[in-house]
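**Q** Counting from 1, one number per residue, gives the positions in the sequence shown under full-length UniProt numbering.
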Amino acid sequence: MSSQGRGRGGGRGGRGGRGGRGGRGGRGGRGGRSRSSEADIRVSPPAAPPLPPPPPLAPPLPSASRQGATAGRRTLRLHWRELQSVAPLPRTTRFGNRTIWAGLEPVRLDTDRLEYLFESKGGGGGFKVASGRQPSVSVLAMKRSNIITIALSRLPPPRLLPPAIYSMDGSVLDREDRLTALVPTEEELRRIKEARARDPHSPLAPAELCLLTLGEIPHLTSRLQLWAFALDYDSLEREVAEPLFHLKLAMEQLAASRTFRCLLATVLAIGNFLNGRKARGFELSYLGELSQVRDTHARQPLLLHVCVLLLQLYPQSTDLHSDITAVTKAGKFDYSLVRSNLAQLEALCKASWEQLKIASEDSLRHRLPRILKECEERLKVLRAVHRRVVNRFHSFLLFLGYSRAMVRDTTAEDFCKTISNFSLEYRTTRQAVLLQRERERLRGGAGSPGPNTRKRQPAPTQVFIT
1 MSSQGRGRGG GRGGRGGRGG RGGRGGRGGR GGRSRSSEAD IRVSPPAAPP LPPPPPLAPP
61 LPSASRQGAT AGRRTLRLHW RELQSVAPLP RTTRFGNRTI WAGLEPVRLD TDRLEYLFES
121 KGGGGGFKVA SGRQPSVSVL AMKRSNIITI ALSRLPPPRL LPPAIYSMDG SVLDREDRLT
181 ALVPTEEELR RIKEARARDP HSPLAPAELC LLTLGEIPHL TSRLQLWAFA LDYDSLEREV
241 AEPLFHLKLA MEQLAASRTF RCLLATVLAI GNFLNGRKAR GFELSYLGEL SQVRDTHARQ
301 PLLLHVCVLL LQLYPQSTDL HSDITAVTKA GKFDYSLVRS NLAQLEALCK ASWEQLKIAS
361 EDSLRHRLPR ILKECEERLK VLRAVHRRVV NRFHSFLLFL GYSRAMVRDT TAEDFCKTIS
421 NFSLEYRTTR QAVLLQRERE RLRGGAGSPG PNTRKRQPAP TQVFIT
């Protein structure tokens, strides 16, 4: 009993710490000298039950210094390069006046789950990359491996290639990524699988891993050819349609050019006088020879005299070259190649239908028929355009006076190149004549032409009049 009394007295003795000797009794804490007896203790009322402990405090939010890990658990560490202090921006930029880190909102984390997921099991406290490079398995020849490695530098990781190929996702792969060069052969796949079976714990080299990943795609070659046709159709069609468009426009520009008609009339008149004949026309390939024929007096080319005459008789005439820009463009195409490209496009479309029968188990079966049908319809239009433009060109040659035998022997590119080269020579000569006239005008005064001009002009003019 006395021990209980001492316990109670000691419990309240905390208040007696200010002074007194009440360390032994409950009341002694105030400095009194009363002593407790057993009788007093027996008759005293029972002590009140102790108060329940307060509820535990809520766990604190994770702080930047704590990183969510308790002292009892070791978690993996992210060995990144920390930004200890982010300096404010020196001035307001187009992105704002603060760094991206200053504007991030705080994130509440389930720290218990993070500790459970990333608890360190081993002796090390972090996730580190192995310091030594583990040897990889390589079975390809050096040249083949280098080609694949260079191609991989422009491609997504190999694990992302199969989904993109299955879905024909142009946002992941485009036509510039030549996957056809990465299609593995049966021999390459066999050697890679054998090497992996011998050493299953060693990683494959990047080139071998890429080939093995692509080799798991069924009918890879057919898929890539189908995809290439779908991606390339627009450009292949353009290779056929663009030359035909320029040829059609070239014929329209030549037929509508007033300067071109004046040139033909002038050259025909000069030729008939020199030949003593009355020809109705001439083959236009001779226009390229006008700069080679020279007069016997001053050794000036015939093209110069033609140009002077046109400036005198038709002052509103142009330099011709700027009137027939489509002729210059059409002369740069090979129209026999255009015909072969059209045939190749038709063959590719037909082969795509055959390859589509193989890929009957996935989404290609649903997407490609619509694409191929659209390509077929556009091919029909393209064939009709090609036939009409070629027939129109033959009719245009007949309009220019060519015989049917000459029409068969004249190609569109040769004809357009001849006219284009002549127009360029005519423009150069015309500019030289105008420049010479301007110089003579400045020397002799604005009112009267120079003496040289009076001497040179009568002869060509007289040729045309007679």
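C-beta: ideal position from N, C-alpha, C; glycine also.
What first and last residue would you give for the alpha helix (DSSP H) that runs through N97?
**A** Element bounds for N97: n/a, residue is neither H nor E.
**Q** Using DSSP with H/G/I as helix, E/B as strand and the rest coil, what is L204?
**A** The answer is strand: DSSP assigns L204 an E or B state.
**Q** Can you give me the start and stop residues for the alpha helix (DSSP H) that H305 sits inside?
**A** That run of the alpha helix (DSSP H) goes 302-313.
**Q** From L109 to E115, what does the alpha carbon distance come to, in whole angstroms?
**A** Those two C-alpha atoms are separated by around 11 Å.
**Q** Given this structure, state the Cα-to-Cα distance separating G215 from P184, to the nearest angstrom.
**A** Near 6 Å, if we compare the C-alpha coordinates of P184 and G215.
**Q** First and last residue of the alpha helix (DSSP H) that includes R404?
**A** 404-409 is the span of the alpha helix (DSSP H), which, as asked, contains R404.
**Q** Expressed to the nearest angstrom, what Euclidean distance is found between the alpha-carbon atoms of E194 and A205?
**A** When rounded, the distance between both Cα atoms is 14 Å.
**Q** On the premise that L302 lies in contact with L263, defined as a C-beta separation below 8 Å, what is that separation, rounded to the nearest angstrom?
**A** Contact flag wrong, Cβ pair sits at about 12 Å.
**Q** Go ahead and label G331 buried or exposed: buried means 16 or more other beta carbons lie within 10 angstroms of its beta carbon, across all protein chains shown.
**A** So G331 ends up on the buried side.
**Q** Here's a check: name, in chain order, each residue in its chain whose Cβ is nearer than 6 Å to the Cβ of L424, leaving out the five neighbours to either side.
**A** So the list reads H321, once near-sequence residues are dropped.
**Q** Using a 10 Å radius around the Cβ and a threshold of 16 neighbouring Cβ atoms, would you call M168 buried or exposed?
**A** By the neighbour-count rule (16 or more Cβ atoms within 10 Å), M168 is buried.
**Q** Quick check on T93: does DSSP put it in helix, strand or coil?
**A** Note: T93 maps to strand in three-state DSSP.
**Q** Measuring CB to CB, does M251 end up less than 7 Å from F415?
**A** Cβ distance not < 7 Å, so M251 and F415 don't count as in contact.
**Q** So V267 and V306 are in contact, right, with Cβ under 8 Å, and what is the actual spacing, rounded?
**A** The pair is a contact, with the Cβ atoms about 6 Å apart (cut-off 8 Å).
**Q** Measuring straight from C-alpha to C-alpha, what distance separates L236 and C375?
**A** Rounded to whole angstroms, L236 to C375 spans 11 Å at the Cα level.
**Q** Just reading off the alpha helix (DSSP H) that F273 is part of, what are its end residues?
**A** Counting along the chain, the alpha helix (DSSP H) containing F273 begins and ends at 258-275.
**Q** Near T149, what residues of its chain come up, given a Cβ to Cβ distance below 8 Å and the 5 sequence neighbours on each side ignored?
**A** Counting only Cβ-Cβ distances below 8 Å, and skipping sequence neighbours, we find P206, A207.
**Q** To which residues of the same chain is N97 closer than 7 Å at the C-beta, ignoring the five residues directly before and after it?
**A** For N97, where only same-chain residues beyond five positions count, the Cβ hits under 7 Å are L89.
**Q** For A228, which option in P156, L212, A351 has the closest C-alpha, if you only look at C-alpha atoms?
**A** Measuring from the Cα of A228, the nearest candidate turns out to be A351.
**Q** What residue does the alpha helix (DSSP H) around R81 start on, and which one ends it?
**A** That residue, R81, is in no alpha helix (DSSP H); it is neither H nor E in DSSP.
**Q** When the distance is taken between beta carbons, is L254 closer than 7 Å to residue 467?
**A** Because the chain in this structure spans residues 1 to 466, residue 467 falls outside the shown range and cannot be described.
**Q** Are the stretch 372-387 and the stretch 284-300 in contact at 8 Å, needing three or more beta carbon pairs?
**A** Counting Cβ pairs under 8 Å, fewer than three are found: no touch.
**Q** With a CB to CB cut of under 6 Å and the five nearest residues on each side skipped, what residues in its chain are close to G10?
**A** Caution applies to G10, whose pLDDT of 42 falls short of 50 and renders its modelled position unreliable; the value that the coordinates give is listed next. No residues qualify anywhere along the chain.
**Q** Could you check what DSSP says for R294 in three-state terms: helix, strand or coil?
**A** Note: R294 maps to strand in three-state DSSP.
**Q** With which residues is V137 paired in a DSSP beta bridge?
**A** According to DSSP, V137 bridges with L204.
**Q** Buried or exposed for P243, please, with buried defined as at least 16 other CB atoms from any protein chain shown within 10 angstroms of its CB.
**A** It counts as buried.
**Q** Nearest to L209 by CA position, among L224, R190, L226, is which residue?
**A** Taking only the C-alpha atoms, the option nearest L209 is R190.
**Q** Return helix, strand or coil for E119, following the three-state DSSP convention.
**A** Three-state result, E119: strand.
**Q** Give me the residue from P163, Y166, E119, T221 with the minimum Cα distance to L182.
**A** Ranking the options by Cα distance to L182, first place goes to T221.
**Q** Could you tell me the boundaries of the alpha helix (DSSP H) in which T185 lies?
**A** From DSSP, T185 is part of no alpha helix (DSSP H); its letter is neither H nor E.
**Q** For T318, does the three-state DSSP call read helix, strand or coil?
**A** Of the three classes helix, strand and coil, the one that applies to T318 here is coil, per DSSP.
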